[in-house]
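Chemist: Just dropping this structure here.
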Amino acid sequence: MNKLKLYNTLTRQKQEFIPIKKGKAGLYTCGPTVYNWAHIGNLRTYLFEDILRRVLEFNDYKVKQVMNITDVGHLTSDADSGEDKLEKGSAREGKSVWEIAEFYTKTFRQDLKDLNIQEPHKWIKATETIKEQIDFVKKLEKRGLTYQTSDGIYFDTSKYSDYVRLAKLNLAGQQEGSRVEINNEKKNPTDFALWKFSPAGSKRQMEWKSPWGIGFPGWHLECSAISIKALGKEFDIHTGGIDHIPVHHTNERAQNWGLLGKEVVRFWVHGEFLVINNDKMAKSDGNFITMQSLKDKGINPLAYRYFCLQAHYRSKLNFSWEALQAAQTGYDNLIRDISVLDKPGQACDTCLGKFTQAINDDLNISASLAVVQELLKSDKPSSKKRQTIIEFDKVLGLNLNQYKVAKKISSDVQRLIDERQQARQNKDYQKSDELREQLEKRGIKIKDLSDGGYKVD
Ligand code: AMP
Ligand code: ZN
């Protein structure tokens with residue numbers, strides 16, 4: 000078997016994955032901030048993490064995946080100022096923060112289900128680990144790594160000489176204020192809040208007592224506390240989107256070092272962004288598309304999964320409706336080709352070898368999809384093809400093992416078919432050809448019959 004290699008952001012190299020405990024892999028994936036719908040950019044990151052987990056499982060590792068749910072403490076600004084995103088969601092919708100968190104946790108889990116993303120083995124909410132987070136800060140304080148300002152307890156990043164490594168930050172060139180608001184009480188621009196005080200004279204919906212005063216934990220703290228609690232003082236892989244490298248993960252790494260004096264995470268693995276016209280998709284910019292809006296347009300969520308799998312997780316992926324429509328057609332064609340195969344027989348070992356070589360090379364899924372196509376085009380026995388596809392789908396998660404079923408026709412496709420029939424009757428062949436093209440783009444092939452009727456293929 001080919002050895003699994005992953006690109007480690009910390010070393011800037013593809014490295015062989017050697018687990019801490021033989022046959023096991025601990026995987027921590029930063030979870031959603033549940034104050035709004037996840038957008039399809041966020042979901043691209045969860046898709047890449049799902050592929051990573053499936054590849055580990057394909058390599059026979061017993062994976063333990065843990066994901067946090069940020070239900071408190073994520074502020075609208077990286078500079079530890081601005082509103083708490085949950086409180087913002089609460090004001091927007093006139094619900095309590097607890098209701099907001101519950102609602103958007105539910106919608107997020109539905110998104111995962113639609114996309115055939117496996118749920119983590121353990122979900123842990125930030126609000127369930129307040130005690131652990133307070134204990135964490137106490138230990139950092141004991142080691143002389145913290146200081147107090149008028150609005151909270153901060154981590155003194157100048158105490159950690161290796162602070163810059165993960166993001167290759169250039170501290171000399173970093174001027175606080177260009178991107179973040181200036182906080183005059185901070186000793187260094189990169190210092191960050193571990194505990195924030197509730198604003199004087201006001202009561203937050205979520206606040207807790209602490210040795211330093213009533214308040215709430217900083218966002219980075221929850222991920223350090225939760226990952227170490229659930230996966231141990233050293234664990235294999237920590238993932239997230241690339242935006243997390245310079246702040247969130249750099250700060251987590253500093254906290255981990257502060258607590259344990261060592262590197263806790265072996266592999267830091269990051270996924271690139273989904274962009275629209277080279278602009279990142281972000282909730283704050285208002286240019287975001289949700290899973291629901293894809294479904295409303297008749298897009299199969301698995302076609303979005305297929306769309307994402309065509310690009311390497313470390314490359315930017317540009318979203319357009321045309322490209323997604325093409326992926327939908329490609330996906331439908333793939334299912335159609337597989338659905339006619341015989342019942343499974345024996346898998347093709349050479350094909351599995353090629354597939355494994357692709358996925359083990361830092362998750363080269365697009366190359367593995369080429370192996371799928373090559374297999375389908377080959378003259379191998381149909382039953383062998385099906386069994387091999389079943390094996391491939393353990394990683395791809397595209398529900399490829401389908402048999403010929405009557406094509407489901409949605410109401411808007413039926414409307415196009417009816418319109419085309421009408422055009423044919425009116426001898427308006429230009430229009431009927433245009434409608435045929437539109438239908439083909441949706442993976443529907445129409446065969447005209449000599450009696451004036453039609454057959455859907
Ligand atoms: P959030 O809920 O904002 O904490 O983000 C959830 C995950 O989505 C994080 O791992 C982010 O790095 C990731 N993310 C945010 N925007 C994008 C994007 N446009 N494309 C891909 N991943 C993203
Ligand atoms: Zn995190």
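Heads up, the sequence shown is in numbering that gives the first Met the number 0, so the first residue is 0 and it goes up one at a time.
Glycine included, every Cβ here is placed at the ideal spot set by N, Cα and C.
Just so you know, these numbers come straight off a predicted model, no measurement behind them.
#1: For Y6, which residues in the same chain have their Cβ closer than 6 Å to its Cβ, ignoring the five residues on either side in sequence?
#2: Around the C-beta of N276, are 16 or more other C-beta atoms found within 10 angstroms, so that it is buried, or is it exposed?
#3: Just verifying my parser: in three-state terms, what is the DSSP assignment at I225?
#4: Check for me: the alpha helix (DSSP H) holding V264 runs from which residue to which?
#5: Hey, which residues come within less than 5 Å of the ligand ZN, measuring from Cβ to any heavy atom, in chain order?
#6: Considering only heavy atoms of the ligand AMP, does any lie closer than 8 Å to the CB of T106?
#7: Check this for me: beta carbons of Y312 and Y330, under 9 Å apart or not?
#8: Got a sec? Which residues, its chain only, sit under 6 Å from L3 by beta carbon, not counting five neighbours each side?
#9: Looking at C-beta atoms only, is the number of pairs between the segment 198 to 209 and the segment 49 to 56 that lie closer than 8 Å three or more?
#10: List the DSSP bridge partners of V62.
#11: Find out if the Cβ-Cβ distance for the pair L273, D336 is shorter than 9 Å.
#12: My guess is that K444 and D456 are in contact by the Cβ rule of under 8 Å, so how many angstroms apart are they, rounded?
#13: Can you tell me whether S95 is buried or exposed, with buried defined as 16 or more other CB within 10 angstroms of its CB?
#14: Beta carbon of P216, beta carbon of A125: below 9 Å?
#15: Compare the Cα-Cα distances from M290 to each of I99, T145, D113 and T69 and report the closest residue.
#16: What residues are listed by DSSP as bridge partners for E15?
#17: In angstroms, rounded to a whole number, what distance separates the CA positions of L448 and K430?
#18: Would you check if there are 3 or more beta carbon pairs closer than 8 Å linking the segment 151 to 168 to the segment 94 to 108?
#19: Going straight from the alpha carbon of A253 to that of K167, what length do you get?
#20: According to DSSP, what are the bridge partners of G451?
#21: Taking 7 Å as the limit between beta carbons, can you name the residues of its chain near A224, skipping five residues before and five after?
#22: May I ask you to check if the CB of M280 is nearer than 8 Å to at least one heavy atom of the ligand AMP?
#23: Using DSSP bridges, identify the partner residues of Y146.
#24: So what does DSSP say about A369, is it helix, strand or coil?
#25: For V274, does the three-state DSSP call read helix, strand or coil?
#26: Quick one: residues in its chain with C-beta nearer than 7 Å to the C-beta of Y34, no 5 flanking neighbours on either side, listed in chain order?
#27: Can you tell which of K228, G260 and T355 has its C-alpha closest to the C-alpha of L144?
#28: Indicate whether L258 and K138 have their beta-carbon atoms separated by less than 9 Å.
#29: Rounded to the nearest angstrom, what separates E118 and L399 at their Cα positions?
#30: Looking at L85 and the ligand AMP, is the gap between the Cβ and the nearest heavy atom below 8 Å?
#31: Measuring CA to CA, which of D378, Q424, V394 and E251 is closest to Y27?
#32: Looking only at its own chain, which residues have a Cβ that is under 8 Å from the Cβ of K342, when we skip the five neighbours before and after it?
#33: What residues match up with P216 in a beta bridge as DSSP calls it?
#34: Look at the alpha carbon of I46 and the alpha carbon of I241, and state the distance between them as a whole number of angstroms.
#35: Specify the secondary structure class of D235 as computed by DSSP and reduced to three states.
#36: Given the structure, does P31 come close to the ligand AMP, in the sense that its CB is under 8 Å from one of the ligand's heavy atoms?
Modeler: Quick look at the numbers:
#1: K13 and D361
#2: exposed
#3: Under the three-state reduction of DSSP, I225 is assigned to helix.
#4: From DSSP, V264 is part of no alpha helix (DSSP H) but of the beta strand (DSSP E) over V264 to G270.
#5: C29 and C222
#6: no
#7: no
#8: F16, N58 and N359
#9: no
#10: In the DSSP secondary-structure assignment, V62 is bridged to A24.
#11: Cβ distance not < 9 Å, so L273 and D336 don't count as in contact.
#12: 4 Å
#13: exposed
#14: yes
#15: D113
#16: K4
#17: 18 Å
#18: no
#19: 14 Å
#20: The partner list for G451 (beta bridge, DSSP) is empty, contrary to what the question assumes.
#21: T128, E131, Q132 and F135
#22: yes
#23: Y153
#24: helix
#25: Residue state, collapsed to three classes: strand.
#26: K84, L85, K87, G88, I99 and Y103
#27: G260
#28: yes
#29: 20 Å
#30: no
#31: E251
#32: S382 and R385
#33: W194
#34: Going by the sequence as given, residue 46 is Leu instead of Ile. Looking at the two C-alpha atoms, the distance is approximately 14 Å.
#35: strand
#36: yes
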